[in-house]
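For reference, the structure is listed below as structure tokens.
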Amino acid sequence: MEANIEGLLRILGEYHKEAHSIPEVDIQAKEYNLGFPLPAPLRQYYKNLGRSPYITQGCNNQYEPLLLEDVFIPDETFFTRDKAFLVFYQVEESVIYCGIRLQDLEKEDPPVNLCAWSSPDWQLENRSLERFLAGKALVQLGVEDRLPYWAIFDESMWDLSDYCSSMHLEREHEIEEGSELNAWKIYVKDDVLIVFELSVLSVYEEETDDLLAVYLTSFQLGSMEQMLSEMKKTRNLPAFRTNLGV
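Mapping to numbering that gives the first Met the number 0: the sequence shown position 106 is 105, numbers consecutive.
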């Protein structure tokens, strides 16, 4: 299934609180200052998750949302050649910014582009703003250990297919992030979020499914214990780190 805000809220479930939202009046004030309304998916994101402790700023070199008040249109000092973007996401440590072309703001679900300090030109990151917002939030939840229970498998001889087999992951469990960069695979099964960090290599012009790391996380202790128990039935399971004490 495709990543979307409703699916993200379902994963957070009862742990998402009203206090994690941004009031309508604050969103309207930002829109007034910008001089135009935010695209519907971005507006929904801030209205529902703009203050969520699970999706927040200050990540460890990961994509992170700008605070609503910090969303901006670049001025002449910004390093890109094209300044006609609404910038709303970043990777602070790597000086990467994500934005929407001003001419695309009226689209129902506009594409997202990114730029990096090393390259002054914008490039397509995702053809869907909603998939971008939900997908990046799911990656952040998995990689940053924001949920109570987690396990991390570091790089090993196992590839994506090995892990999918050990966890009995099917196509129906995959969440399509839709990123053009193809850096992550995301699955949700039995209340466990599984995030694969891909090592995209070219071998005779074909991509491999080698991995840099695998992250499992959940609000539910029993679900994590059950999944790890099933995985441990597989021969040669790579070593992993966890806070479960198993």
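Where a beta carbon is used, it is the ideal one built from N, C-alpha and C, also for glycine.
* My guess is that residue 71 and residue 116 are in contact by the Cβ rule of under 8 Å, so how many angstroms apart are they, rounded? -> Along the sequence shown, read from residue 1 onward, the residue named residue 71 stands at position 72. Along the sequence shown, read from residue 1 onward, the residue named residue 116 stands at position 117. About 16 Å; that fails the 8 Å criterion.
* To do: Note the first and the last residue of the continuous beta strand (DSSP E) segment covering residue 38.
  => In the sequence shown, residue 38 corresponds to position 39, counting from 1. It is not in any beta strand (DSSP E) - residue 38 carries neither H nor E in the DSSP assignment.
* Asked: Could you check where the alpha helix (DSSP H) with residue 135 kicks off and where it finishes?
  -> By 1-based counting over the sequence shown, the position of residue 135 is 136. Here the alpha helix (DSSP H) through residue 135 covers 128 to 142.
* Can you give the Cα-Cα distance for residue 109 and residue 102, rounded to whole angstroms? -> Your numbering for residue 109 matches position 110 in the sequence shown. Your numbering for residue 102 matches position 103 in the sequence shown. Residue 109 and residue 102 have their C-alpha atoms spaced approximately 10 Å apart.
* **residue 159 (DSSP reduced to helix, strand or coil)** => Translated into the one-based positions of the sequence shown, residue 159 becomes position 160. Helix, per DSSP.
* Among 126, 4, 121, 146, which one has its Cα closest to the Cα of residue 223? -> The residue labelled residue 223 in the question sits at position 224 within the sequence shown. Per the C-alpha coordinates, the member of 126, 4, 121, 146 positioned closest to residue 223 is 146.
* To do: Tell me where the alpha helix (DSSP H) around residue 25 begins and ends.
  => In the sequence shown, counting from the first residue as 1, residue 25 sits at position 26. Looking at the DSSP string, the run of the alpha helix (DSSP H) that includes residue 25 is 23 to 33.
* Asked: Opposite residue 150 in the DSSP bridges: which residues?
  -> Here residue 150 corresponds to residue number 151 of the sequence shown, with the count starting at 1. Answer by DSSP bridge pairing, in chain order: 215, 241.
* In its own chain, which residues sit with a C-beta less than 6 Å from the C-beta of residue 201, not counting the 5 before and 5 after it? -> The count along the sequence shown starts at 1 and reaches residue 201 at position 202. Reliability of the predicted coordinates at residue 201 is poor, the pLDDT of 36 falling under 50, and the value obtained from them is presented with this limitation in mind. Excluding positions up to five away in sequence, the list is empty.
* Straight-line Cα distance separating residue 98 from residue 38 -> Against the sequence shown, residue 38 aligns to sequence position 39. Against the sequence shown, residue 98 aligns to sequence position 99. Spanning the two alpha carbons is a distance of roughly 12 Å.
* **Rounded straight-line distance, which links the Cα of residue 129 to that of residue 3** => Looking up residue 3 in the sequence shown gives position 4. Looking up residue 129 in the sequence shown gives position 130. Taking the straight line joining both Cα atoms gives about 6 Å.
* Bridge-paired residues (DSSP) for residue 64 -> Stepping through the sequence shown from its first residue, residue 64 is reached at position 65. Answer is 88, bridged to residue 64.
* For residue 53, name the three-state secondary structure that DSSP assigns. => For the purposes of this step, residue 53 is identified with residue 54 of the sequence shown, where counting begins at 1. Here residue 53 sits in coil by DSSP.
* Asked: Should residue 150 and residue 241 be called a contact, given that it needs their Cβ atoms to be closer than 8 Å?
  -> Residue numbering aside, residue 150 sits at position 151 when the sequence shown is read from its first letter. Residue numbering aside, residue 241 sits at position 242 when the sequence shown is read from its first letter. Their beta carbons are under 8 Å apart, which means residue 150 touches residue 241 by this criterion.
* Boundaries (first-last residue) of the alpha helix (DSSP H) holding residue 93 -> Residue mapping note: residue 93 aligns to position 94 of the sequence shown, counting from 1. Looking at the DSSP string, residue 93 is not in any alpha helix (DSSP H), and its letter there is neither H nor E.
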